[in-house]
Amino acid sequence: MTFIRARWLLGLRTTLLAPSPTNHFKNFSKVIGSTKVRCLSSAQISFYDTIDKELEAIRNAGTWKSERIITTQQSSTIGVINRKEKVLNFCANNYLGLSNHPKVIEAAKLSLDNRGNGLSSVRFICGTQDIHKELEKKIAKFHNRDDAILFSSCFDANAAIFEAILNSEDAVISDELNHASIIDGIRLCKAQKFRYQHRNMIDLEEKLKSAQTNRLRLIVTDGVFSMDGNVAPLKEISALADKYDALLFIDESHSTGFFGKTGRGTEEYHGLNGRADIINSTLGKALGGAAGGYTTGNQKLIDLLRNKARPYLFSNSLPPAVVAAASMSFDLIMASSDLIKKLSANTYLFRTRMLKAGFNVLGDKDHPICPVMLGDAKLAALFAEKMLDKNIFVIGFSFPVVPKGKARIRVQLSSSHSLDDVNKAVDAFVDIGRDLKLIN
């Protein structure tokens, strides 16, 4: 029974109180027995009734989001509340296992001691420490760009970029399956908006032709698409950008640090280092897993963002501990490619065994996002529950996160998984798949 319906049954409808501007506050709450019951206004009743209906619709659609609560550090093996045994975690963005790497944790602790918990300020007032500038320089060096600018998240970086650099004379041309943060960021800008079919170069070219009278044309794509694990066809996109005199933006959130030979992302994977005009990415996935995002590119672009990007100008700077942890993560990646090689081996093993078993696994063969396609939303939820019974933690995804009829379990490999961990996960998939008669 909802709070509002409980109020109704108690006969406390505010309309019966006929509140005046003064007695509205006098009757703000009443005590019935030992329970203090708040009297709501008609506007509040209507508001919460509307929310009630929306929540009920979400439940009826089977898309209610439940949060499993973990009780340990993020790792390949985690504790889950109300479970005696630890479980193998195959649904985190912790691609390199740096979320609980000893050196990353130690860097964060030292930063807390030396530079405090936070800055209590935005960057341009008194919220910039030396370590913020050092990390920005490190990011720029990693991507071979002039400079970089930090944001509270990559969502904020994507919310900032389009409004800051585009106006009503420009055109932005975006892949239809780009991340929600890109979609929201584009909505904020005044540019003419085009959306091309996912990874469809014929449609992209048609949209570029339609935008030839605009002042600027900006092609926007995820480097790797998070729900499908497929990689943007950068060589073809780059060729079209050259042909139609367009700029290129890439969100590298699901590739920075671990995809490509040295972790430089989809640019490196396609042999196009330095091609993108603008790169946005995150510190909250492979690079320590805490928080933060960034834009890197030409010096003039970064200078403009420092002066115009609203999420940068009006948000507190990143906490020192987060900055120090991310900086150490970059150091570890640039010092050795061992973690990347281990992740590649785990990815190869999982994909090879799953395909051989008869599962339909989407995504690029080299990428650790491995969507196991099941189709039906209830089946995906059931499969995930059965996996948890075998101490394998995965999540089923269904509409509206993915299209109707394309429900899946998205498996994400990490370098922190052992080969034995990967084999246990595949064995569980096979056992459950056979029990449910999905594979032979």
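The opening position of the sequence shown corresponds to residue 1 in the UniProt record's numbering, with each subsequent residue numbered one higher.
We put the beta carbon where it would ideally sit given N, CA and C, even for glycine.
On the DSSP bridge assignment, give the partners of residue i in chain order.
i, result
"F151", "G293"
"residue 445", "Absent from the structure is residue 445, since the part of the chain shown begins at 1 and ends at 440."
"D222", "D251"
"H196", "It should be noted that the sequence gives Tyr, not His, for residue 196. Paired residues: D175."
"L204", "In the DSSP output, where bridge partners are listed per residue, L204 has none listed."
"V87", "I78"
"R217", "A171"
"F397", "R408"
"T63", "DSSP output for T63 lists no bridge partner at all."
"G127", "Beta-bridge pairing links G127 to no other residue."
"G375", "A407"
"V426", "Paired residues: none, contrary to the question."
"N280", "D251, T295"
"N391", "Beta-bridge pairing links N391 to no other residue."
"I183", "In DSSP, I183 forms no bridge with anything."
"N273", "For N273, which the question treats as bridged, DSSP gives no partner whatsoever."
"N316", "V122"
"V402", "DSSP lists no partner for V402."
Is it right to say residue i is buried, meaning 16 or more other beta carbons lie within 10 angstroms of its own, or is it exposed?
i, result
"G292", "buried"
"P102", "exposed"
"Q73", "exposed"
"I202", "exposed"
"T71", "exposed"
"residue 475", "Any question about residue 475 goes unanswered here, given that the chain covers just 1 to 440."
"D170", "buried"
"R410", "buried"
"C126", "exposed"
"D245", "exposed"
"P371", "buried"
"K207", "buried"
"L55", "exposed"
"P403", "exposed"
"K406", "buried"
"G265", "buried"
"F429", "buried"
"A108", "buried"
"Q412", "buried"
"E106", "exposed"
"D222", "buried"
"A57", "exposed"
"E136", "buried"
"D435", "exposed"
"L438", "buried"
"G297", "buried"
So residue i packs on residue j, CB below 8 Å; how close in whole Å?
i, j, result
"A159", "P311", "5 Å"
"N280", "T295", "5 Å"
"E267", "L318", "Rounded, the Cβ-Cβ distance is 25 Å, inconsistent with contact."
"F359", "G263", "Wrong, their Cβ atoms sit about 28 Å apart, outside the cutoff."
"Y196", "D175", "6 Å"
"S153", "G284", "7 Å"
"L272", "F225", "At roughly 18 Å, the Cβ-Cβ gap does not stay under 8 Å, so L272 and F225 are not in contact."
"H417", "V231", "Their Cβ separation, rounded to whole angstroms, is 22 Å, which puts H417 and V231 out of contact at 8 Å."
"P320", "R123", "Incorrect: roughly 13 Å between the Cβ atoms, too far for contact."
"L304", "D277", "About 13 Å; that fails the 8 Å criterion."
"A380", "F90", "With a Cβ gap of about 14 Å, A380 and F90 do not count as contacting."
Only counting the same chain, and skipping five residues up and downstream in sequence, which positions put a Cβ closer than 6 Å to that of residue i?
i, result
"K356", "none"
"E163", "L188, C189"
"K342", "S415"
"E236", "M201"
Using a Cβ-Cβ cut-off of 8 Å (strictly less than) and excluding sequence neighbours within five positions of residue i, which residues of its own chain qualify?
i, result
"L166", "V172, C189, K190, A191, L216, L218"
"I186", "F162, V172, S174, K193, V220"
"A345", "L419"
"S337", "K261, T262, G263"
"K141", "none"
What residues in its chain sit with their C-beta under 7 Å from that of residue i, if we drop five residues either side in the sequence?
i, result
"E205", "L240"
"A157", "F151, N280, G293, Y294, T295"
"G79", "I70, T71, T72, K86"
"K365", "R351"
"A384", "V394, I395, G396, I409"
"D184", "A159"
"T213", "none"
"D421", "S76, L88"
"V104", "L98, G288, A325, M328, S329"
*Can you find at least 3 beta carbon pairs, one from the segment 317-331 and one from the segment 129-144, that sit closer than 8 Å?*
Between the segment 317-331 and the segment 129-144 there are three or more C-beta pairs closer than 8 Å, enough to call the two in contact.
*Are there three or more Cβ pairs, one per stretch, closer than 8 Å when the segment 246-259 is compared with the segment 92-108?*
Taking one beta carbon from each stretch, the segment 246-259 and the segment 92-108 have 3 or more pairs nearer than 8 Å; the two touch.
*So, do the segment 387-403 and the segment 342-359 have three or more beta carbon pairs nearer to each other than 8 Å?*
By the Cβ criterion, the segment 387-403 is not in contact with the segment 342-359, since fewer than three pairs of Cβ atoms, one from each stretch, lie closer than 8 Å.
_Meets three-Cβ-pair contact criterion under 8 Å: the segment 111-122 and the segment 147-158_ = Touching, no, given that fewer than three Cβ pairs across the two stretches are closer than 8 Å.
*Within the chosen definition, does the segment 244-256 reach the segment 391-404 through at least 3 CB pairs nearer than 8 Å?*
Contact between the segment 244-256 and the segment 391-404 is absent, because fewer than three Cβ pairs lie under 8 Å.
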